[in-house]
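K.L.:
In the numbering used here, the protein residues as written are 43 to 188.
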């Protein structure tokens, strides 16, 4: 898991991103699932389209993706993520562009909201500390080559 550091002459923090394509029922909007991301990400065009505040980060992040590595210097500190009736503020690192994706909810988000995934029943439950779980039905996912 990547650790955040102030911007100095040290090696940059790092993270990982692996992508998988999700398949939704025909009437639903197409969505994507990313497996293995240590941090949450948002594409700059998507953030700008939705008037989400982008700030220069106090740190420089080194992120490794499939076949490449890149540096991130911007973040959204409290990006509102809504699943069902829940709105959860989420810190996201800003990528210039995400191919076929707008947002990646990483392990940082999953652990913050105590997410648990029931693969057999295709349900994800999440909660905030001291609250009951709120289940959400997941789409069927298949891995797609990148």
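No residue lacks a Cβ here, since even glycine has one placed at the ideal position from N, Cα and C. On a predicted model such as this, the values are computed, not experimentally measured, just so you know.
Below 8 Å, how does it come out for the region 166 to 174 and the region 112 to 122: are there three or more Cβ pairs, yes or no?
P.N.:
Cβ pair count under 8 Å is below three, so no.
K.L.:
Skipping 5 residues on each side, what residues in its chain have a beta carbon closer than 6 Å to that of residue 145?
P.N.:
Locating residue 145 in the chain shown gives position 103, counting from the first residue. These residues qualify, in order along the chain: 84.
K.L.:
So, for residue 81: in the same chain, excluding its five sequence neighbours on each side, which residues have a beta-carbon less than 6 Å away from its beta-carbon?
P.N.:
Start at 1 with the first residue of the chain shown, and residue 81 comes out as number 39. Within the same chain, residue 81 has close Cβ partners 57, 135, 148 and 150.
K.L.:
For residue 102, tell me which candidate among 95, 93, 112 and 140 has the shortest Cα-Cα distance.
P.N.:
Against the chain shown, residue 102 aligns to sequence position 60. Residue 102 has its Cα closest to that of 112, out of 95, 93, 112 and 140.
K.L.:
For residue 89, which option in 174, 140, 159 and 152 has the closest C-alpha, if you only look at C-alpha atoms?
P.N.:
The residue you call residue 89 lines up with position 47 of the chain shown. Cα-wise, what sits closest to residue 89 is 140.
K.L.:
Using the three-state DSSP reduction, which class does residue 110 fall into: helix, strand or coil?
P.N.:
Counting from one through the chain shown, the residue named residue 110 turns up at place 68. In this structure, residue 110 counts as strand in the three-state DSSP scheme.
K.L.:
Could you give the uninterrupted runs of the alpha helix (DSSP H) lying entirely in the region 96 to 182, keeping only those of 4 residues or more?
P.N.:
Runs found: 149 to 154.
K.L.:
Going by the CB atoms, is the gap between residue 108 and residue 122 shorter than 8 Å?
P.N.:
For this step, residue 122 is matched to residue 80 along the chain shown. For this step, residue 108 is matched to residue 66 along the chain shown. Contact: no.
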